[in-house]
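Using full-length UniProt numbering, you'd call the opening residue of the sequence shown number 1 and step up by one each time.
Glycine included, every Cβ here is placed at the ideal spot set by N, Cα and C.
Keep in mind it's a predicted model, so treat the numbers as computed, not measured.
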Amino acid sequence: MFYAGLDWADDHHDLVIIDEAGHKLASKRFAHTKAGLEELTRFLESLTGPGQKDQLACIVEANRGLLIAALLDAGFTVYPVNPKVADHRRSASGAKTDQIDAYLLAKLGRAELADLRQLHPDSPIIAEIPDLTRDQDALVRMQTRLVNQLTA
């Protein structure tokens with residue numbers, strides 16, 4: 001089993017991967033772009049091998065967004081954690097870097113994976129709700145405009 005700690009940021013994501021024994025296998029930064037997220041999923045797939053994605057647990061300081069969607073769409077197992085978890089696990093020196101946080105998340109996954117809640121992709125019906133509410137809002141605005149035109 002491998003553990004991937006991902007520190008999320010607006011413009012990049014830091015990744016640290018450790019093995020069962022806690023040895024660091026990889027450390028890399030990816031841009032928060034479509035190309036960067038594709039590079040991230042390809043990199044993770046190169047580590048796990050075909051058909052072995054279940055051997056990698058991705059521990060992330062977020063539970064939604066493009067990073068999470070990319071990981072879930074690629075078939076990886078994602079465990080979201082509260083960002084304050086890394087704050088509590090940081091050393092007494094208080095040093096904070098994205099790489100340190102990613103490493104702490106990977107260690108957290110290795111030590112406490114059974115206690116973390118796995119994030120499951122939304123069902124197709126649930127995923128359709130934002131589109132439906134946007135459509136409803138647009139129709140309500142259109143109705144309001146038409147009523148205003150008729151009464152003017």
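With fewer than 16 other Cβ atoms from the protein chains shown falling within 10 Å of its own Cβ, residue 128 counts as exposed.
Using a C-beta cut-off of 8 Å, the segment 98–109 makes contact with the segment 5–17, since at least three inter-stretch Cβ pairs fall below that distance. Non-local beta-carbon contacts of residue 24 in its own chain, meaning distances under 6 Å to residues more than five positions away in sequence, involve 18 in chain order. In the DSSP secondary-structure assignment, residue 18 is bridged to 3 and 24. The bridge partners DSSP lists for residue 140 come to none.
If the five residues before and after residue 20 are omitted, its C-beta is found closer than 6 Å to the C-beta atoms of 1, all from its own chain and listed in chain order.
In this structure residue 47 is in contact with residue 26, their Cβ atoms being roughly 7 Å apart against a cut-off of 8 Å. The segment 131–140 makes no contact with the segment 28–44; the number of CB pairs closer than 8 Å stays below 3.
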